[in-house]
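In what follows, a single structure is set out as structure tokens and then discussed.
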Amino acid sequence: MKTVSMPAPFSVLLPGLAQTTDADRVDAEWLDGLADSLSEHGWLSVDARPLLGDSLLAALCEEVRTLDRNDALRVARIGRGLDKTRDRSVRRDRIAWLQGETGAQRALFSYFETIQTGLNQRLFLGLKWFEAHYATYHSGDFYRKHVDSFQGRASRVVSVMLYLNKHWQEADGGALQVYNPDRELEICGRVVPELGRMAVFLSEEIPHEVLPAHRTRYSVACWFRQDEIPLPLPL
Ligand code: OGA
Ligand code: MN
0 MKTVSMPAPF SVLLPGLAQT TDADRVDAEW LDGLADSLSE HGWLSVDARP LLGDSLLAAL
60 CEEVRTLDRN DALRVARIGR GLDKTRDRSV RRDRIAWLQG ETGAQRALFS YFETIQTGLN
120 QRLFLGLKWF EAHYATYHSG DFYRKHVDSF QGRASRVVSV MLYLNKHWQE ADGGALQVYN
180 PDRELEICGR VVPELGRMAV FLSEEIPHEV LPAHRTRYSV ACWFRQDEIP LPLPL
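When we follow numbering that gives the first Met the number 0, the leftmost residue of the sequence shown carries the number 0, and every step to the right adds one.
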């Protein structure tokens, strides 16, 4: 997985899906497409709406909006462990970890499990577990260019962003901007955070940033990890 040939296409069209409402029935071809794009380009973006279905997406939208309304998300921090700091010049989103407390979260987790198993079978990544949080970026919020894992730590390996914004326009800002890891200033693509769109990339390799949003932007961020599952799970 170390050799990534860039630039990647802006967006990948994965094979058509049979009508699925159940994570167990995720098309093997869909997973093939995901694994191929990831190993060839290091990242991809795909419309996962046909996969997840409108009712699950609507339930997730409702949950994150309710959390936001109730001020139940907290300011995100950067760094790890005791080095965690709050730096508003780097990131300004607010987050809430998903604990699998609701039916919608459990349904989403079963898709994530299917993706984890599917990527392990195809790319031998040895992914052991995942962590996921909701994120909101209010108008003016951004996340400067970064990678999601410290090189060589094999902690976060694959990042999946799932966007929860109906009728998002280019003019609303908030795009995920993806960079070429070999030529740091080269932009490989921008993903508009429209409802059901998923961006998937290699956590250690792919530099990316969230451009300033001009309206509230909702998402789920999930990281598949190679390290041991910590006990107890972090809150
Ligand atoms: C992150 C991140 C990107 C996005 O949370 O680390 O880069 O599009 N998010 O939300
Ligand atoms: Mn990131």
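A virtual CB, placed ideally from N, CA and C, is assigned to each residue, including glycine.
Item                                                                                                             : Value
Exposure label - aspartate 53; buried when at least 16 CB within 10 Å                                            : exposed
From Leu194, Arg64, His166, residue whose alpha carbon lies closest to that of alanine 47                        : Leu194
Selected residue, minimal CA-CA separation from tyrosine 162, among Asn69, Leu55, Gly41, Val25                   : Leu55
First through last residue of the alpha helix (DSSP H) which encompasses isoleucine 94                           : Here isoleucine 94 belongs to no alpha helix (DSSP H); instead the beta strand (DSSP E) covers 93–96.
heavy atom of ligand 1 below 8 Å from alanine 198 C-beta                                                         : yes
Distance, leucine 184 Cα to alanine 198 Cα                                                                       : 20 Å
Proximity test, serine 218 beta-carbon vs ligand 2 heavy atom, cut-off 8 Å                                       : no
Classification of tryptophan 96 by the beta-carbon crowding that lies within 10 angstroms, buried from 16 upward : exposed
Length of the line joining the Cα atoms of aspartate 171 and alanine 212                                         : 6 Å
Pick from Arg64, Ala75, Ile205 that is closest to lysine 144, judged by C-alpha positions                        : Ile205
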